[in-house]
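Structure, as structure tokens:
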Amino acid sequence: MTIALEITTTQQQVRLTCVAVRAMCEQAGMDSCAAYQFELCLDETLINIAEHNFGWEPNHLVRIELDFEKAHVTAHIDYRRYKDWPAESLLEATLPRAADLPERGFGNYLIKHLMDRIAVTHEGNRTRIHLEKWFDKAGSTTADPVSTKQSDR
């Protein structure tokens with residue numbers, strides 16, 4: 002099953018979307034811990050897009066397609082590149098120093114370590130971020146997720 006959402010880059014719409022996605026994940030059979038992890042990572046990704054790509058300008062659209070499969074959910078987040086925010090930073094995140102927190106990459110680190118698969122693709126002036134979470138891997142943060150980079154640049 003696929004559900005498509007289109008939001009503008011405001012904190013209110015990001016928050017409402019993420020809460021709704023968490024509820025959808027739980028209804029699809031994901032346990033509450035994994036659903037919270039997916040919500041957190043989606044929230045961090047959308048906030049990064051809104052802040053670093055669009056500079057919090059409110060009228061930019063982001064399209065989110067949620068693919069619910071038997072054992073996992075994937076969010077495909079599509080947006081127009083506006084500024085030169087490197088979405089690939091999600092793939093390269095390392096644990097930041099405590100002195101760098103809260104605004105120095107801890108969200109990217111969480112995304113990298115809580116998602117089971119992350120991919121970033123580019124086509125023309127569009128960027129697409131793919132976040133995948135398996136239903137049975139809640140709390141599984143010890144293994145590195147499979148990360149891929151694809152680009153037509």
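Positions in the sequence shown are counted from 1; adding 1 to them yields this note's numbering. Ideal Cβ placement from N, Cα and C applies to all residues, glycine included.
For residue i, the residue or residues it bridges with in DSSP
i: Arg23; result: Answer is none; Arg23 lacks a bridge partner.
i: Phe69; result: Val74
i: Ala5; result: Glu66
i: Lys134; result: Val74
Cβ-based burial, residue i [other Cβ within 10 Å; buried from 16]
i: Met116; result: buried
i: Met25; result: buried
i: Glu7; result: exposed
i: Leu47; result: buried
Top-ranked residue by Cα proximity to residue i, from the options
i: Tyr110; options: Thr3, Thr10, Asn49; result: Asn49
i: Asp70; options: Gln38, Met31, Gly108; result: The amino acid occupying residue 70 in the given sequence is Glu; Asp does not appear at that position. Ranking the options by Cα distance to Glu70, first place goes to Met31.
i: Val22; options: Thr11, Gln13, Tyr37; result: Tyr37
i: Leu62; options: Thr128, Phe107, Thr3; result: Thr128
Inter-residue spacing [alpha-carbon to alpha-carbon] between residue i and residue j
i: Val20; j: Asp44; result: 9 Å
i: Pro59; j: Gln28; result: 30 Å
i: His77; j: Asp68; result: 8 Å
i: Glu133; j: Lys84; result: 25 Å
beta-carbon residue i near the ligand ADP non-hydrogen atom, thresh 7 Å
i: Arg16; result: In the structure shown, the ligand ADP is absent, as is every other ligand, since no ligand is present at all.
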